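Chains A and B, in that order, are what the protein sequence lines are. Using our numbering, the final residue of the first sequence is 260, and nothing's skipped along the way. Using our numbering, the final residue of the second sequence is 260, and nothing's skipped along the way. Note that the Cβ used here is the ideal one computed from N, Cα and C, for glycine as well. Fair warning: this is a prediction, and the values are worked out from it, not measured in the lab.
Number of protein chains: 2
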Amino acid sequence: MQIAVLLYDRFTALDAIGPYEVLSRLPDAEVVFVAAEPGPVSTDTRRLTIVAERSLDEVPHPDILLIPGGPGEDVLREEPLLDWVRAVHETTTWTTSVCTGSLVLARAGLLDAKRATSHWLALERLRELGAEPVEERIVEEGKIVTAAGVSAGIDMALHLAGRIAGEEVAQSIQLYIEYDPDPPFDAGSPAKAPRELVERTRARSRFFAAG
Amino acid sequence: MQIAVLLYDRFTALDAIGPYEVLSRLPDAEVVFVAAEPGPVSTDTRRLTIVAERSLDEVPHPDILLIPGGPGEDVLREEPLLDWVRAVHETTTWTTSVCTGSLVLARAGLLDAKRATSHWLALERLRELGAEPVEERIVEEGKIVTAAGVSAGIDMALHLAGRIAGEEVAQSIQLYIEYDPDPPFDAGSPAKAPRELVERTRARSRFFAAG
Chain A
50 MQIAVLLYDR FTALDAIGPY EVLSRLPDAE VVFVAAEPGP VSTDTRRLTI VAERSLDEVP
110 HPDILLIPGG PGEDVLREEP LLDWVRAVHE TTTWTTSVCT GSLVLARAGL LDAKRATSHW
170 LALERLRELG AEPVEERIVE EGKIVTAAGV SAGIDMALHL AGRIAGEEVA QSIQLYIEYD
230 PDPPFDAGSP AKAPRELVER TRARSRFFAA G
Chain B
50 MQIAVLLYDR FTALDAIGPY EVLSRLPDAE VVFVAAEPGP VSTDTRRLTI VAERSLDEVP
110 HPDILLIPGG PGEDVLREEP LLDWVRAVHE TTTWTTSVCT GSLVLARAGL LDAKRATSHW
170 LALERLRELG AEPVEERIVE EGKIVTAAGV SAGIDMALHL AGRIAGEEVA QSIQLYIEYD
230 PDPPFDAGSP AKAPRELVER TRARSRFFAA G
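Below is the structure:
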């Protein structure tokens, strides 16, 4: 079972590494990090570099495709890359995204009129791209599974592990990575965070979008 | 504020990337990935390579030290590396670890008779190395903060973000990374996972330790 994780300039590291840490521990799983050009890829903070081992052409038929999000997704408009996403989707067992990775799936035309999620700040953009945005942490629509922002990829990958290898295997991975979350604050979603904080974050994000 | 993340052959990626994703978003934070030799560092799965930008000598006074865990920690016995850990600890504001990273702190002599935690499978080894193991997700003991296995580093980093920059900043980071965890199973700790699964995992881990 080959799992392709798509890297690109200014992706968000945890979007990719959370699911990788879960899915790489599935029996017979082979994770491969791919990019338009193999080699070092810089993340959104510019403080971390992760190596893409293969080019898109070298990975034509992954069983699972995972597209992380990040500020860099906005430039993923090149037709060769979107062509690759469309082509591999035809033979994947699961096509997945974390955070704004779902905007790439939408731009490739894979989410037309389909339920999907994204980072809470990107749900409207998802709608503009033709999808039906849903405020849920994980949305499974046929073989397409989309996750909410950044850390939601861990929950999504455990869900997927259960669907692929059964509950017991998924639980053993959860136990191994000791995923018994206990955040010190309860501000992880716009519904739970203080209203002022949500509005300030949204305003700043509009500013960035306009810049 | 300089945050040094120590990389080494066969570390576990999420141990480092979880806290990085939180701490790199603190105001004025500069995260730097360090290793005995700068360059590509392979993780425990052998499927992922992350780049260390600096050698230990180039980062003599980080404000925060973070040591991730992973199967490779067992070979971190070289005196130059332990000397570096001891030396930087003298001037850090916070010295931290995730998972079996605490075994490195213990081997450096920084946890003698101190409360600390680690991956649940490594608590006895932590005791053998002179610490007082505690089954908690985060243990703050003076300026040393240790976290339980792998994913616990995210909770630890949010706790630390609150201590460093205040609750509001920590909450804004939590909201940005949408950390509102909702695991599909409840098997993330030995107290919660099915007993058989815990025993099987423990038995396999003894086998590996003897191998």
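Those residues which DSSP pairs with residue i across a bridge
{"i": "A:V81", "result": "A:A53"}
{"i": "B:P182", "result": "B:A165"}
{"i": "A:V100", "result": "A:P89"}
{"i": "B:V199", "result": "B:V199 pairs with nothing; no bridge assigned."}
{"i": "A:T145", "result": "A:L115, A:V194"}
{"i": "A:I187", "result": "A:A196"}
Extent of the continuous alpha helix (DSSP H) run through residue i
{"i": "B:W133", "result": "128-138"}
{"i": "B:A62", "result": "62-72"}
{"i": "B:G150", "result": "150-156"}
{"i": "B:E177", "result": "172-177"}
{"i": "B:A219", "result": "216-225"}
Three-way DSSP call (helix, strand, coil) for residue i in this model
{"i": "A:I193", "result": "strand"}
{"i": "B:G260", "result": "Low per-residue confidence applies at B:G260: pLDDT is 33, beneath 50, and the placement is therefore not dependable, though the value from the model is reported in the following sentence. The answer is coil: DSSP assigns B:G260 none of H, G, I, E or B."}
{"i": "A:E248", "result": "helix"}
{"i": "B:G121", "result": "helix"}
{"i": "A:H208", "result": "helix"}
{"i": "A:S238", "result": "coil"}
{"i": "A:L75", "result": "coil"}
{"i": "B:R253", "result": "helix"}
{"i": "B:D58", "result": "coil"}
{"i": "A:L159", "result": "coil"}
{"i": "A:D106", "result": "helix"}
{"i": "B:P243", "result": "coil"}
Candidates the options, of which the one nearest residue i by Cα
{"i": "A:W133", "options": "A:V147, A:D106, A:C148", "result": "A:D106"}
{"i": "A:I187", "options": "A:A206, A:G67, A:L170, A:R174", "result": "A:A206"}
{"i": "A:P232", "options": "B:G119, B:Y228, B:P233", "result": "B:Y228"}
{"i": "B:V147", "options": "B:P120, B:E128, B:V124, B:V137", "result": "B:P120"}
{"i": "A:D204", "options": "A:K192, A:I226, A:L178", "result": "A:I226"}
{"i": "B:A62", "options": "B:K192, B:A210, B:D93", "result": "B:D93"}
{"i": "B:E139", "options": "B:S151, B:E128, B:P109", "result": "B:P109"}
{"i": "B:E184", "options": "B:G191, B:R174, B:H168", "result": "B:H168"}
{"i": "B:R74", "options": "B:L172, B:A240, B:A210", "result": "B:A210"}
{"i": "A:R249", "options": "A:G88, A:P230, A:L170", "result": "A:L170"}
{"i": "B:L172", "options": "B:P111, B:A242, B:R251", "result": "B:R251"}
{"i": "A:P87", "options": "A:I66, A:Y57, A:L246", "result": "A:Y57"}
{"i": "B:T149", "options": "B:R174, B:W143, B:T141", "result": "B:R174"}
{"i": "B:V124", "options": "B:T142, B:A85, B:F234", "result": "B:A85"}
{"i": "A:S151", "options": "A:E128, A:T141, A:R176", "result": "A:R176"}
{"i": "B:S238", "options": "A:A242, A:T145, A:G191, A:P230", "result": "A:P230"}
{"i": "B:S200", "options": "B:K241, B:A240, B:A65, B:E122", "result": "B:A65"}
{"i": "A:K192", "options": "A:D235, A:S254, A:T145", "result": "A:T145"}
{"i": "B:S91", "options": "B:F60, B:V153, B:P111", "result": "B:F60"}
{"i": "A:L178", "options": "A:K241, A:V153, A:G202", "result": "A:V153"}
{"i": "A:V137", "options": "A:R126, A:E127, A:P111", "result": "A:P111"}
Are the segment 212-225 of chain A and the segment 147-164 of chain A touching, with three or more C-beta to C-beta distances below 8 Å? no
Three Cβ pairs or more, each shorter than 8 Å: is that satisfied between the segment 181-199 of chain A and the segment 219-229 of chain A? no
Indicate whether the contact test is met: 3 or more Cβ pairs, each with one atom in the segment 162-181 of chain A and one in the segment 108-116 of chain A, closer than 8 Å. no
Would you check if the segment 76-84 of chain B and the segment 50-58 of chain B touch, i.e. whether three or more CB-CB distances between them fall below 8 Å? yes
Check whether the segment 65-73 of chain A and the segment 121-140 of chain A touch, using three or more Cβ-Cβ pairs below 8 Å as the test. no
Count the CB pairs spanning the segment 84-104 of chain A and the segment 85-100 of chain B that are closer than 8 Å, and state whether there are at least three. yes
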